[in-house]
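J.: Chains as they are written, first to last, in full-length UniProt numbering: chain A, 1 to 125; chain B, 1 to 180.
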Amino acid sequence: MDGMVAMLPTPLQNWSTHLDFEGQKLAERIYKITLTISGVVGFFVGFWTQQLSYALYIVMAGALITALVVLPPWPFLRKNPIEWHTPAKPESMMPSQPSDDKVVDKKAADKKKADKKKKEAKKSK
Amino acid sequence: MHNLLSRANSLLAFTLWVMAAVTAACFLSTVFLDYTVSNHLEVNDIKIRNVRDYATDDKQADLATLAFNLKVDFSRLFNWNVKQLFVYLVAEYKSAENAVNQVVIWDRIVERAERVVMDEIGVKTKYYFLDDGAHLLKHDNVTFVLRYNVIPNAGYLRLVQSTNQLVVPFPTTYTTTRRS
Numbered sequence: 001m002d003g004m005v006a007m008l009p010t011p012l013q014n015w016s017t018h019l020d021f022e023g024q025k026l027a028e029r030i031y032k033i034t035l036t037i038s039g040v041v042g043f044f045v046g047f048w049t050q051q052l053s054y055a056l057y058i059v060m061a062g063a064l065i066t067a068l069v070v071l072p073p074w075p076f077l078r079k080n081p082i083e084w085h086t087p088a089k090p091e092s093m094m095p096s097q098p099s100d101d102k103v104v105d106k107k108a109a110d111k112k113k114a115d116k117k118k119k120e121a122k123k124s125k
Numbered sequence: 001m002h003n004l005l006s007r008a009n010s011l012l013a014f015t016l017w018v019m020a021a022v023t024a025a026c027f028l029s030t031v032f033l034d035y036t037v038s039n040h041l042e043v044n045d046i047k048i049r050n051v052r053d054y055a056t057d058d059k060q061a062d063l064a065t066l067a068f069n070l071k072v073d074f075s076r077l078f079n080w081n082v083k084q085l086f087v088y089l090v091a092e093y094k095s096a097e098n099a100v101n102q103v104v105i106w107d108r109i110v111e112r113a114e115r116v117v118m119d120e121i122g123v124k125t126k127y128y129f130l131d132d133g134a135h136l137l138k139h140d141n142v143t144f145v146l147r148y149n150v151i152p153n154a155g156y157l158r159l160v161q162s163t164n165q166l167v168v169p170f171p172t173t174y175t176t177t178r179r180s
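(1) Below 8 Å between beta carbons is the criterion; list the residues of the stretch 143 to 177 of chain B that meet it against any residue of chain A, in chain order.
(2) Please name the residues in the stretch 20 to 49 of chain A whose beta-carbon is closer than 8 Å to at least one beta-carbon of chain B, in chain order.
(3) For a contact defined as C-beta to C-beta under 8 Å, what are the partners of residue 70 (chain A) on chain B?
(4) Just checking: is the beta-carbon of residue 14 (chain B) within a distance shorter than 9 Å of some beta-carbon in chain A?
(5) What are the residues that DSSP puts in a beta bridge with residue 68 (chain B)?
(6) For the alpha helix (DSSP H) that contains residue 28 (chain B), what are its first and last residues?
(7) Please classify residue 170 (chain B): does DSSP put it in a helix, a strand, or coil?
(8) Mapping DSSP to helix, strand and coil, what is residue 14 (chain A)?
(9) Span of the beta strand (DSSP E) holding residue 92 (chain B)?
(10) Let me know the secondary structure DSSP gives residue 184 (chain B) once reduced to three states.
(11) Here's a check: name, in chain order, each residue in its chain whose Cβ is nearer than 6 Å to the Cβ of residue 44 (chain B), leaving out the five neighbours to either side.
(12) In terms of residue numbering, what span does the beta strand (DSSP E) encompassing residue 105 (chain B) cover?
(13) Would residue 7 (chain A) pass as an interface residue toward chain B - the criterion being a Cβ-Cβ separation below 9 Å?
(14) Is the Cβ-Cβ distance between residue 145 (chain B) and residue 170 (chain B) less than 9 Å?
(15) Is the beta carbon of residue 148 (chain B) less than 9 Å from the beta carbon of residue 88 (chain B)?
(16) Using a Cβ-Cβ cut-off of 9 Å, state whether residue 66 (chain B) counts as contacting chain A.
(17) For a test of the three-state rule: what should DSSP assign to residue 54 (chain B), helix, strand or coil?
(18) Quick one: does residue 113 (chain B) have its CB under 9 Å from some CB of chain A?
(19) What does residue 66 (chain A) reach in chain B if we use C-beta pairs closer than 7 Å?
(20) Have a look at residue 67 (chain A) and residue 30 (chain A) and give me their C-alpha separation to the nearest angstrom.
(21) Would you call the CB atoms of residue 53 (chain A) and residue 46 (chain A) closer than 9 Å?
(22) Considering only DSSP beta bridges, list what residue 66 (chain A) is partnered with.
(23) Please report how far the alpha carbon of residue 50 (chain A) lies from the alpha carbon of residue 173 (chain B), in whole angstroms.
(24) Taking the alpha carbon of residue 106 (chain B) as the reference point, which residue from B:90, B:112, B:120, B:117 has its own alpha carbon closest?
(25) Short of 9 Å Cβ to Cβ, which residues in the stretch 22 to 46 of chain B face chain A?
(26) Identify whether residue 31 (chain B) lies in helix, strand or coil by the three-state DSSP scheme.
(27) State yes or no: is the C-beta of residue 116 (chain B) within less than 9 Å of the C-beta of residue 86 (chain B)?
(28) Quick one: does residue 73 (chain A) have its CB under 9 Å from some CB of chain B?
(29) Just the chain B side, please: which residues come within less than 7 Å of residue 17 (chain A) by C-beta, in chain order?
(30) Determine whether the beta carbon atoms of residue 57 (chain B) and residue 98 (chain B) lie at a separation below 9 Å.
(31) Taking 6 Å as the limit between beta carbons, can you name the residues of its chain near residue 166 (chain B), skipping five residues before and five after?
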């Protein structure tokens, strides 16, 4: 995909076609429903006219219409944007031992604090 | 589904799935239909000659030449799952040499159209009617059977036999003239 994007003219390369997760779910539901409908309609038209080609043309036409609805990154498919976390500081992004220990220690320290608080609460009761 | 190519891929795959399903439904809607037709066949002008069979063993064999009239209405057979018919005429008979002899003497491709009626008069055989031996002379019952393949758009190749056959007794003397 990246290779194909690199082949496009420069203004197009920055155009993102991402959808958010809700949009992806909606897009998948849309295409499944419309293509199934076009399949059923195509079958009945083909059966009525007794031409298999008509049935398949209708399915292909349904696919083209669905492509217009589903493929471009329309705004209605981007209504729930993904909230990315702010990037962490550069040092702590390194997967080195000391920071892991810090996290473990922090967790242990928090647990100790919480246990202490509980004990004190019990005592005061 | 997060970028255009991924969505296009999913869409294409599902489209092909739907097309396959529509084709399968087309097959199912036609598989249990009745594809038999009757025919009107007359066989005339049968001549038998005793010739040397160069192709196999150089012995003397019976060669029959004939002309026939065939009238069949195929219109009823064509539906959205029939592309064309392959029709052929077979001469079947029993002989001292073989229990069953089947010789295809003529065939034709019949393509789909609105109204398909075959009305042939004075048709000469397309293929040689050469016996395996010299047993055609004085034969009491050579049966002419019309069979056809129904060639579908989707599904298996179906072979159907027409409802009526024609039994013909063959001449009792050889023809010695050259003209058939």
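Beta carbons are placed, not taken as given, at the ideal position from N, Cα and C, and that holds for glycine.
T.: Short version:
(1) 153, 154
(2) 24, 27, 28, 31, 32, 35, 36, 38, 39, 42, 43, 46, 47, 49
(3) 7, 11
(4) Yes, residue 14 (chain B) lies at the interface with chain A (some Cβ there is under 9 Å from its Cβ).
(5) B:43, B:123
(6) 4 to 28
(7) coil
(8) Under the three-state reduction of DSSP output, residue 14 (chain A) falls in the coil class, being neither helix nor strand.
(9) Segment 82 to 93, the beta strand (DSSP E) holding residue 92 (chain B).
(10) Because chain B here runs from 1 to 180, residue 184 (chain B) falls outside it and cannot be looked at.
(11) Same-chain partners within the cutoff: 67.
(12) 101 to 111
(13) With 9 Å as the cut-off, residue 7 (chain A) does not count as an interface residue toward chain B.
(14) no
(15) yes
(16) Not closer than 9 Å to any Cβ of chain A, the Cβ of residue 66 (chain B) fails to qualify, so no.
(17) coil
(18) Using beta-carbon distances, residue 113 (chain B) does not count as an interface residue toward chain A, since no partner is under 9 Å.
(19) 11
(20) 10 Å
(21) yes
(22) BP columns for residue 66 (chain A) are empty, so no partner.
(23) 53 Å
(24) When each option's Cα is compared against that of residue 106 (chain B), the closest is B:90.
(25) 22, 23, 25, 26, 29
(26) coil
(27) no
(28) yes
(29) By Cβ distance, chain B contributes 3, 4.
(30) no
(31) 41, 144
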